[in-house]
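Chemist: Quick note on the UniProt record's numbering: the sequence shown kicks off at 1 and runs consecutively.
Just so it is clear, CB atoms sit at the ideal spot from N, CA and C, and this is done for glycine as well.
Take a look at the following structure, please.
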Amino acid sequence: MCGIIGIIGREDVADRLLAGLRRLEYRGYDSAGVAVVENGVLARRRAEGKLDNLARKLAAEPLDGTVGIAHTRWATHGAPTEDNAHPHVVGEVTLVHNGIIENFKPLRDALIAEGRTFASQTDTEVVAHLVDRELQRGLSPVDAVKKVLPQLHGAFALAFLFRSHPDLLIGARLGAPLVVGYGEGETYLGSDALALAPLTQKIAYLDEGDWAVLTRDGVTIHDRDNQVVDRPTTISGLTGAMIDKGNHRHFMQKEIFEQPVVVAQTLGSYLRPLAGEVSLPIPEFDFTQIRRVTIVACGTSFYAGMVAKYWFEQFARVPVDLDVASEFRYREPVLEDGGLALFISQSGETADTLAALRHARAAGQKIAVVVNVPTSSMAREADLLLPTHAGPEIGVASTKAFTCQLAVLAALAANFARAKGRLSREEEQEIVRHLAEAPAAMNAAIAHDDEIEALAPLIAKARDVLYLGRGPDYPMALEGALKLKEISYIHAEGYAAGEMKHGPIALIDEHVPVIVIAPSGPLFDKTVSNMQEVQARGGKVVLISDAEGIAAAGEGTIATIEMPRVHPLIAPLVYAVPVQLLAYHVAVAKGTDVDQPRNLAKSVTVE
Ligand code: HGA
């Protein structure tokens with residue numbers, strides 16, 4: 001959410017700032033802006049909407065300057081207009097911000113009472129006024145920022161640029177990510193290492209409360225007590241080429257198609273297929289003392305957690321609580337000794353999940369995280385870091401990160417069960433064998449892309465769509481509905497198949513397609529009974545099952561989508577693919593913006 005980039009360089013920076021914003025646009029696309037300083041002149045361009053609007057402005061009115069900052073916005077305070085677009089300028093200072101200044105209202109009221117006028121409705125602009133006030137009182141830029149930061153409550157990553165100081169950039173972070181990059185005679189600020197990848201791979205991650213002073217020659221980092229500190233530099237391993245659509249029309253399509261490879265890559269660091277063993281990256285972590293697991297996540301990651309609850313309880317016989325992160329802290333959960341709190345997040349920066357993690361840590365829980373960014377805040381605060389290896393996910397609707405999360409969680413459940421003495425050697429070998437088959441089965445699922453595309457126009461006409469599943473396939477129904485809502489804007493709901501008759505069956509008529517996810521297995525007959533209840537009321541069913549399931553229950557459906565026959569353990573990984581593809585093709589048929597759906601952004605770094 002909101003992407004930040006700053007460059008203090010040797011050559012003009014506007015083009016490179018714009019290129020950096022392209023790599024950050026997945027974080028927000030309500031507006032974008034760039035500001036540079038040259039010869040004592042501060043110039044900026046801002047535009048409402050997608051980055052192309054800003055690019056057109058910059059092409060018509062280019063900016064010269066070797067130091068600058070830029071921003072892509074996901075609005076929290078104030079409409080997505082040009083006036084509210086960052087960078088905000090007040091007097092000598094201009095800045096960009098990711099996060100929410102929670103005490104902006106009293107600060108703003110006090111500043112207005114002093115006679116200051118505001119040009120935007122954002123929370124961000126108060127920060128520019130506060131710094132400007134200190135500059136007017138005679139403080140240097142560094143001292144002004146140092147004085148203002150403790151006055152801000154909430155979450156922020158900030159980058160400051162000063163009209164009369166073309167040799168200076170200042171960055172600060174609290175509760176939102178910010179990295180520093182080191183180049184040849186240049187230094188950089190960015191929301192993530194990916195934004196800086198074409199500029200440098202040499203990165204330092206700022207810690208909570210850090211602020212950094214950047215010049216062309218180096219960076220001085222201070223902690224929240226204003227002490228100069230060293231933050232280790234790492235080589236990010238990300239390259240400029242990593243966010244490329246290749247031959248695909250959309251990132252989402254590319255990422256769906258990549259799944260067999262990245263799931264195999266992920267499983268590769270959790271399984272020893274030849275030995276028939278599961279092995280976690282931190283083998284010494286002691287599961288024997290864990291008496292309860294609390295899983296916390298948001299959105300699609302929450303559905304991965306929901307599948308994991310089935311697996312942990314089934315295999316390890318450990319009780320599991322499951323919460324959406326934004327609710328977790330507020331229900332005052334009972335967190336006792338011997339608890340493992342497990343947090344799932346693609347970015348590892350999701351604000352609600354990170355706040356929940358800190359709450360659980362304070363309550364004495366051991367902390368495990370499943371994240372796709374191993375340098376993220378969550379990764380750095382975990383006792384047990386379980387990375388997925390999905391590679392950068394750019395499509396705002398999560399696909400490959402989700403199936404990689406499932407792969408890690410299945411391995412974790414098996415490891416847990418083994419540590420608890422609940423898994424025989426043969427059972428472990430069996431689980432490893434099935435998991436190792438998942439990438440090939442996902443490939444076989446992708447092979448049905450054309451059929452799913454052919455079905456899309458039919459679903460695209462619907463106003464409402466229902467998805468049904470049972471057991472670990474119930475979260476796939478929820479995920480299918482979420483994907484469809486996110487990118488096609490069709491109202492969709494996922495339901496536990498058996499719950500239909502307790503309410504939603506009233507919605508059924510010939511205009512409501514019902515997508516039934518029913519792999520062969522112990523739950524198949526029950527799901528099919530629920531499907532028949534729908535058909536008996538004129539409902540139009542699309543059945544997603546394997547050949548055996550389709551032969552048994554395909555009659556009377558409007559369409560069937562055939563999946564390979566798989567073990568129930570890996571069914572969620574395989575059946576994720578057709579629901580993703582269906583949402584994708586429906587969105588394409590409706591002509592929506594698949595990779596950047598309205599009102600959404602990736603990496604939700606505000607609460
Ligand atoms: N509150 C600021 C920044 C928003 C943000 O970081 N979103 O993720 C604004 O509304 O402009």
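#1: Span of the beta strand (DSSP E) holding Val604?
#2: Can you give me the start and stop residues for the beta strand (DSSP E) that Tyr182 sits inside?
#3: With distances taken from CA atoms, which of Ile487, Gly539, Pro439 and Lys420 is nearest His567?
#4: Which residues in the same chain have their Cβ closer than 7 Å to the Cβ of Gln405, if we skip the five residues on either side of it in sequence?
#5: Classify Ala59 as buried or exposed, calling it buried when 16 or more other Cβ atoms lie within 10 Å of its own Cβ.
#6: Closer than 7 Å: is that where the CB of His153 sits relative to any heavy atom of ligand 1?
#7: For Asn39, does the three-state DSSP call read helix, strand or coil?
#8: Considering only residues of the segment 304 to 386, which uninterrupted alpha helix (DSSP H) runs meet the minimum length of 4 residues and lie entirely inside it, listed in chain order?
#9: For His97, is the beta carbon positioned less than 7 Å from some heavy atom of ligand 1?
#10: Give the DSSP bridge partners of Ile7, in chain order.
#11: Who are the Cβ neighbours of Ala414 in its own chain at under 7 Å, not counting the five residues just before and after it?
#12: Does DSSP classify Ile446 as helix, strand or coil?
#13: Where do the N-terminal and C-terminal ends of the alpha helix (DSSP H) with Gln578 fall, by residue?
#14: Verify whether the separation of the beta carbon atoms of Val396 and Ala601 is less than 8 Å.
#15: Is it true that the segment 257 to 275 meets the segment 584 to 603, where meeting means three or more beta-carbon pairs spaced less than 8 Å apart?
#16: Under 8 Å: do the segment 59 to 68 and the segment 29 to 44 share three or more Cβ pairs, one atom per stretch?
#17: Which one of His491, Ala553 and Leu573 has the shortest CA to CA distance from Met476?
#18: I need the DSSP call for Leu274, collapsed to helix, strand or coil.
#19: Is residue 662 near ligand 1 - that is, is its Cβ less than 7 Å away from at least one heavy atom of it?
#20: What is the rounded straight-line gap between the Cα of Val542 and the Cα of Asn84?
#21: Give the DSSP-derived three-state secondary structure of Glu453 in the structure shown.
#22: Which residues does DSSP list as the beta-bridge partners of Asp546?
#23: Rounded to whole angstroms, what's the CA-CA distance from Thr353 to Arg73? Just pull it up for me.
#24: Between the Cα of Glu510 and those of Gly494, Gly348 and Ala536, spot the shortest distance and give me the residue it belongs to.
#25: Can Asp167 be considered in contact with ligand 1, in the sense that its beta carbon sits closer than 7 Å to one or more heavy atoms?
#26: Please find out if some non-hydrogen atom of ligand 2 comes closer than 7 Å to the beta-carbon of Gly28.
#27: Less than 8 Å between the CB atoms is what I'm expecting for Gln121 and His71, so what's the real figure, rounded?
#28: Answer yes or no: the CB of residue 657 versus the heavy atoms of ligand 1, is any distance below 7 Å?
#29: Measuring only the C-alpha atoms, how far is Gln365 from Asp323?
#30: Here's the rule: buried if 16 or more other CB atoms are within 10 angstroms of the residue's CB, otherwise exposed. What is residue 646?
#31: Assuming Ala460 contacts Val512 under a Cβ cut-off of 8 Å, what Cβ separation, rounded to an integer in Å, is found between them?
#32: Taking Cβ positions only, does Ile452 come closer than 8 Å to chain C?
#33: I need the DSSP call for Val89, collapsed to helix, strand or coil.
#34: Please name the residue or residues paired with Ser31 in a DSSP beta bridge.
#35: Please list, in chain order, all residues of the same chain as Leu569 whose beta carbon is under 6 Å from its beta carbon, the five residues on each side excluded.
#36: Tell me the DSSP secondary structure of Val142 in three-state form.
Modeler: From the atom records:
#1: That residue, Val604, is in no beta strand (DSSP E); it is neither H nor E in DSSP.
#2: Annotation for Tyr182: the continuous beta strand (DSSP E) segment containing it runs Val179 to Tyr182.
#3: Closest by C-alpha distance to His567, out of Ile487, Gly539, Pro439 and Lys420, is Pro439.
#4: Shown here for Gln405: same chain residues with a beta carbon closer than 7 Å to its own, the five before and five after excluded, namely Ser301, Ala304, Ile344, Val370 and Thr388 in chain order.
#5: With fewer than 16 Cβ atoms within 10 Å of its Cβ, Ala59 is classed as exposed.
#6: It does not: the Cβ of His153 is nowhere closer than 7 Å to a heavy atom of ligand 1.
#7: In this structure, Asn39 counts as coil in the three-state DSSP scheme.
#8: With a minimum length of 4 residues, the continuous alpha helix (DSSP H) runs that stay inside the segment 304 to 386 are 325 to 328, 351 to 362 and 377 to 380.
#9: At least one heavy atom of ligand 1 is nearer than 7 Å to the Cβ of His97, so yes.
#10: When beta bridges are read from the DSSP output, Ile7 appears opposite Gly68 and Tyr188.
#11: Excluding residues within five positions, the ones whose Cβ falls inside 7 Å are Val278, Phe315, Leu423, Glu428 and Ile431.
#12: Helix at Ile446.
#13: Note that residue 578 is Pro in the sequence shown, not Gln. Pro578 -> alpha helix (DSSP H) spans Ala571 to Lys590.
#14: Closer than 8 Å, so yes.
#15: No, because fewer than three Cβ pairs between the segment 257 to 275 and the segment 584 to 603 fall closer than 8 Å, the two stretches do not touch.
#16: Enough Cβ pairs lie closer than 8 Å, so yes.
#17: It is Leu573 whose Cα lies nearest to the Cα of Met476.
#18: Residue state, collapsed to three classes: coil.
#19: This structure gives no information on residue 662, because the portion of the chain shown stretches from 1 to 607.
#20: Going by the C-alpha atoms only, they are around 45 Å apart.
#21: DSSP, reduced to helix, strand and coil, places Glu453 within a helical segment of the structure shown.
#22: Under DSSP, the beta-bridge partners assigned to Asp546 are Met563.
#23: Each residue's alpha carbon lies about 21 Å from the other.
#24: Ranking Gly494, Gly348 and Ala536 by CA distance to the CA of Glu510 puts Ala536 first.
#25: Annotation for Asp167 indicates a beta carbon at 7 Å or more from all heavy atoms of ligand 1.
#26: Ligands in the displayed structure: ligand 1; ligand 2 is not one of them.
#27: For a cut-off of 8 Å, the C-beta gap from Gln121 to His71 is around 16 Å, too long to register as a contact.
#28: Because residue 657 is not part of the residues shown, which for the chain are 1 to 607, the question remains open.
#29: Rounded to whole angstroms, Gln365 and Asp323 show a C-alpha spacing of 15 Å.
#30: Nothing about residue 646 can be reported from this structure: the residues present for the chain run from 1 to 607 only.
#31: About 14 Å separates the two Cβ atoms, so there is no contact after all.
#32: As a matter of chain content, chain C is missing from the structure shown, which is built from one protein chain.
#33: Looking at Val89 - three-state DSSP - the assignment turns out to be strand.
#34: In the DSSP output, where bridge partners are listed per residue, Ser31 has Glu48 and Arg73.
#35: Closer than 6 Å at Cβ, skipping near neighbours: His434.
#36: The three-state reading of DSSP puts Val142 in helix, counting H, G and I together.
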